[in-house]
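Everything on this sheet refers to the single structure shown next.
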Amino acid sequence: MRVTTAQLPPMEESADKIFVTPHAVILLDGASAFVPVPVPASAYADYLGRFLADALTGDPAADLQEILAEGIKATAAHYDLKAGESPSSTVTIARERDEHLDLLLLGDNTVILPGGEILTDDRLDRLDLEPRRKYRERLAAGHGFDEEHRALLRELQNQQTQYRNRPDGYWIAEADPSAAHHAILKEYLIETVPWVIMMSDGAYNTLTHLKTNILDYLTDGEKLERLLNIGQTWEGNLDPEARALPRAKRHDDKSLAYVQVGQHE
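Quick note on numbering: the numbering used here labels position 174 of the sequence shown as 558, and the sequence is numbered without any gaps.
This is the structure we're talking about:
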């Protein structure tokens, strides 16, 4: 596979992490913490992502849910994390295996495929919790990122924790390895899916709101960086208080990987 990536800010300054192996691409988005957690979400996502990259380099055909479970377990042990009191991260994996493309999604990253097919894990959004509705309504009404907004985000995160990694809630990489077995899995013939685009929600949500034609920017990494800057500039200059596109903070980290499957240098 041939992989082109872009991140804003750079990966070392971001809670988004992208790791590339000879046969796989791994995208993680460490969740912003509005209540205290033992270690930063960026550190959690980095450790987990490196574990997954090492595992898939050593065994390119490994069971994706199994290695994710092992990775969650190892990361929780490394940081001495406890379920319900820990940072969390989305995980998306695209893996080339013989004539197939395997996709794993846990959390709300987005994968775009040819023909307009879009994959994401929307189980958290489907909870439709009241603090989320309220903070978005307040932003649309022009209240901005005030103290009440921050209080609603803390309440939202507390409520989300009650539903985290439960059958009646949603599943995410945190401290419970069993979450991995609830990840969404898809398998495609490479001949039908010659490429995929993997995006964190900070990139996808803004660019989708702007109706940006992402396919126009896929030729090289410089254009992908320009694409992410379009979203960042719009957020900062034209929607700084998140009235047009209600969101938790002015700028979320933005990451994108363009994966050409079956092509090699």
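Note that the Cβ used here is the ideal one computed from N, Cα and C, for glycine as well.
Endpoints, alpha helix (DSSP H) assigned at residue i
i: T545; result: E531 to Y547
i: I614; result: G605 to N621
i: E625; result: Taken as a continuous stretch (DSSP letters only), E625 belongs to no alpha helix (DSSP H), as it is neither H nor E.
i: K518; result: E514 to A524
Selection from the options that minimises the alpha carbon distance to residue i
i: L449; options: I477, A564 and Q543; result: The question names Leu, yet the displayed sequence has Gln at residue 449. Among I477, A564 and Q543, the Cα nearest to that of Q449 belongs to A564.
i: I477; options: E514, R434 and D637; result: R434
i: D509; options: Y572, A641 and Q541; result: Q541
i: P422; options: E469, V387, V643 and F529; result: E469
i: P551; options: L622, A559, H566 and Y431; result: H566
i: E539; options: A557, D600, Q644 and R517; result: R517
i: A439; options: E454, D430 and A427; result: E454
i: D604; options: A641, L513 and Y431; result: A641
i: A461; options: L436, Y431 and R479; result: Y431
i: H593; options: D623, I568 and V409; result: D623
i: E619; options: T405, K633 and P515; result: K633
i: W555; options: L488, E606, A417 and A390; result: L488
i: P424; options: E558, L513 and I614; result: E558
i: P444; options: Y428, L611 and V404; result: V404
i: L573; options: D486, T504 and G615; result: D486
i: P406; options: G442, L608, L569 and D464; result: G442
i: N549; options: V577, Y519, T576 and R507; result: R507
Residue i, enclosing beta strand (DSSP E) - first and last residue
i: K633; result: Taken as a continuous stretch (DSSP letters only), K633 belongs to no beta strand (DSSP E), as it is neither H nor E.
Whole-angstrom distance between residue j and residue i, CA atom to CA atom
i: L511; j: G499; result: 29 Å
i: K696; j: L537; result: The requested residue 696 is not part of the displayed model; the chain covers only 385 to 649.
i: A535; j: G528; result: 13 Å
i: A467; j: I502; result: 31 Å
i: S562; j: L490; result: 12 Å
i: L599; j: L436; result: 28 Å
i: A408; j: L513; result: 35 Å
i: E532; j: R631; result: 14 Å
i: E484; j: D447; result: Checking the displayed sequence, the identity of residue 484 turns out to be His instead of Glu. Near 14 Å, if we compare the C-alpha coordinates of D447 and H484.
i: L347; j: D482; result: The displayed coordinates of the chain run from 385 to 649. Any statement about residue 347 would go beyond what the structure contains.
i: D560; j: Y463; result: 13 Å
Closer than 8 Å: residue i CB and nearest the ligand GTP heavy atom
i: G499; result: The model depicted lacks the ligand GTP and carries no ligand whatsoever.
* Inter-stretch contact at 8 Å, needing at least 3 Cβ pairs: the segment 399-411 / the segment 461-479 -> With a cut-off of 8 Å, the segment 461-479 and the segment 399-411 count as touching, because enough Cβ pairs lie within range.
* Asked: What are the uninterrupted segments assigned as alpha helix (DSSP H) that are 4 or more residues long and contained completely in the segment 482-508, given in chain order?
  -> Listed in chain order, the alpha helix (DSSP H) runs fully inside the segment 482-508 amount to none, counting runs of at least 4 residues.
* Asked: If we count Cβ pairs, one from each stretch, closer than 8 Å, do we get three or more for the segment 407-417 versus the segment 632-642?
  -> Under the Cβ criterion (8 Å, minimum of three pairs), the segment 407-417 counts as touching the segment 632-642.
* Asked: Where in the segment 387-452 do unbroken runs of the alpha helix (DSSP H), each at least 4 residues long, occur, reported from the N-terminal end onward?
  -> The segment 387-452 contains these whole alpha helix (DSSP H) runs: 425-442.
* To do: Say whether the segment 489-498 touches the segment 575-582, bearing in mind that this needs 3 or more beta-carbon pairs closer than 8 Å, one atom from each stretch.
  => Short answer: they touch.
* State whether the segment 533-551 contacts the segment 587-598, with contact taken as three or more CB pairs (one from each stretch) at a distance under 8 Å. => In short, these stretches do not touch, since the Cβ pair count stays below three.
* Asked: Is the number of C-beta pairs between the segment 607-627 and the segment 518-535 that are closer than 8 Å three or more?
  -> Segments in contact, yes.
* Asked: Which parts of the segment 552-606 are runs of the beta strand (DSSP E), unbroken and 3 residues or longer, counting only runs that do not cross its ends?
  -> Segments of the beta strand (DSSP E) lying fully in the segment 552-606: 568-573 and 579-583.
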